[in-house]
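Throughout the sequence shown, residue numbering follows the working numbering, covering 8 to 372 in sequence.
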Amino acid sequence: MKKILASLCLAVSMLALSSCGGKSQDNSTDNNAAPAEKIKWKLVTSWPKNFPGLGKGPETFANYVNEMSGGRLEVRVYGAGELVPGFEVFDAVSSGSVQMGHAGAYYWKGKMPAAPIFTTIPFGMNATEMNAWLHYGDGLKLWRELYEPYGVIPFAGGSSGTQMAGWFKKEINSLEDFQGLKMRIPGLGGEVFKEVGGLPVTLTGGELFTALQTGAIDATEWVGPYNDLAFGLHKAAKFYYHSGWHEPGTMLEFTVNKQAYEALPQDLQKIVEVAARAANQDMLDEYTARNPNAMRQLLEEHGIEMRPLPKDVIDALKVATAKVIKEKRASDEDFDRIYASYDAFYQDAKAYHKISEQEYFDNRE
């Protein structure tokens, strides 16, 4: 009996070892499996490579995607002019020659008159309100419907917050000083500026300093202290004006080629979505943190003259804005439909912020 039990124990032990060995061998085979195929995307932008704020946003996005995907989706960022000119980003994404872009929707107003709504409206929503409309109102849905015929999917791509009114070579004392003034100012702001007698010019960021310095333009808006200091605009114009009536909450965009996006497995699609949302908030945080110090440098180290736009100028710009929007709504069905959603959300947000954010700002002075 003892011999029989010993034989059975030996048999069981050998079977257990054999099973463990088999399992170990299977694991070894799994670990040696071929790695998942790496997908490589190109992301072109309308900004100089690695430019503070605007240029950092797409780099932040790319880093998030690369890390969260474990390297399965690699996004490489190209500055304006490296692969395509800054104003051809949308067409490059639409054609599929690149998979992604980063720019401002108001650059495409010649193609889609309603596109500027998704960047900014003069005297319209600020960055917080714009983000809320896009992600908790109908904004993002309407944006994607507008871009659908072009095979492009938009995502919110960061905000500069409220911008400055711009750099001027001469003082602005009244509306008369706007007459015939050549100013780089895009989007609906440019159309409003034209309505009050100015001459709007469209230039990419990389062209601004030279154009202002040589006198090709008399004034320019860009972003705000953080970016304006980096471009050295204070060296080409002395007077820095506020407030940013034309761009109260400038929203940028990530654009994705629809075919390329839909070819991704679902987990990578989600990573693109989440990375865009995170980069969107990160940019606004950066501008909020960096602008105050940059403004201090401009005032204390470079001796610029900071001025508010005169009240009669602001009043005239408000009237002109209402006229331009009315004309746009009458002439373009998409503009009318999208602006109706934008304005309804704006009126609610404005009424609430009057007794919350605005009142608080007034009381904390």
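Where a beta carbon is used, it is the ideal one built from N, C-alpha and C, also for glycine.
{"query": "Looking at the structure shown, is Leu-271 part of a helix, part of a strand, or coil, going by DSSP?", "result": "coil"}
{"query": "Assuming Phe-238 and Leu-215 are in contact, meaning their beta carbons sit under 8 Å apart, how far apart are those beta carbons, in whole angstroms?", "result": "6 Å"}
{"query": "Would you call the CB atoms of Phe-125 and Ala-112 closer than 7 Å?", "result": "yes"}
{"query": "Apart from the five residues on each side of it in sequence, which residues of its chain come closer than 6 Å, Cβ to Cβ, to Arg-297?", "result": "Tyr-233"}
{"query": "In the structure shown, what three-state DSSP assignment does Gly-64 receive?", "result": "helix"}
{"query": "Using 10 angstroms around the beta-carbon of Pro-272, count the other beta-carbons present and answer buried if the total reaches 16, otherwise exposed.", "result": "exposed"}
{"query": "With 16 as the cutoff for other CB atoms within 10 Å, does Pro-156 come out buried or exposed?", "result": "exposed"}
{"query": "Answer with buried or exposed for Ile-362, where buried requires no fewer than 16 other C-beta atoms within 10 angstroms of its C-beta.", "result": "exposed"}
{"query": "Tell whether a beta-carbon distance below 7 Å holds between Leu-80 and Leu-275.", "result": "yes"}
{"query": "Enumerate, from N- to C-terminal direction, the unbroken beta strand (DSSP E) stretches of 3 or more residues contained entirely within the region 313 to 370.", "result": "none"}
{"query": "For Phe-130, does the three-state DSSP call read helix, strand or coil?", "result": "coil"}
{"query": "Assuming Gly-64 and His-109 are in contact, meaning their beta carbons sit under 8 Å apart, how far apart are those beta carbons, in whole angstroms?", "result": "7 Å"}
{"query": "If you drop the 5 nearest sequence neighbours on each side, which residues of the same chain put their C-beta closer than 8 Å to that of Ser-20?", "result": "Model confidence at Ser-20 stands at a pLDDT of 41, short of 50, so the residue's coordinates are unreliable and nothing is read from them."}
{"query": "Have a look at Asn-180 and Pro-317 and give me their C-alpha separation to the nearest angstrom.", "result": "6 Å"}
{"query": "What separation, rounded to the nearest whole angstrom, lies between the Cα atoms of Glu-136 and Gly-251?", "result": "16 Å"}
{"query": "What's the gap between the Cα of Ala-41 and the Cα of Glu-89?", "result": "Reliability of the predicted coordinates at Ala-41 is poor, the pLDDT of 49 falling under 50, and the value obtained from them is presented with this limitation in mind. Using only the alpha carbons, I get a separation of about 34 Å."}
{"query": "Kindly indicate the opening and closing residues of the beta strand (DSSP E) around Tyr-82.", "result": "In the sequence on display, residue 82 carries Val and not Tyr. Here the beta strand (DSSP E) through Val-82 covers 80 to 85."}
{"query": "What is the DSSP secondary structure of Asn-180, counted as helix, strand or coil?", "result": "coil"}
{"query": "I'd like to know whether the C-beta atoms of Met-190 and Gly-205 end up nearer to each other than 7 Å.", "result": "yes"}
{"query": "To the nearest angstrom, how far is the alpha carbon of Gly-196 from that of Glu-254?", "result": "7 Å"}
{"query": "If you reduce the DSSP assignment to three classes, tell me which class Gly-197 lands in.", "result": "helix"}
{"query": "Please say whether Gly-187 and Ala-226 have beta carbons closer to each other than 7 Å?", "result": "no"}
{"query": "Give the single residue among Leu-236, Leu-153, Ile-224, Ala-282 whose Cα lies nearest to the Cα of Met-75.", "result": "Ala-282"}
{"query": "For Phe-185, which three-state DSSP category applies?", "result": "helix"}
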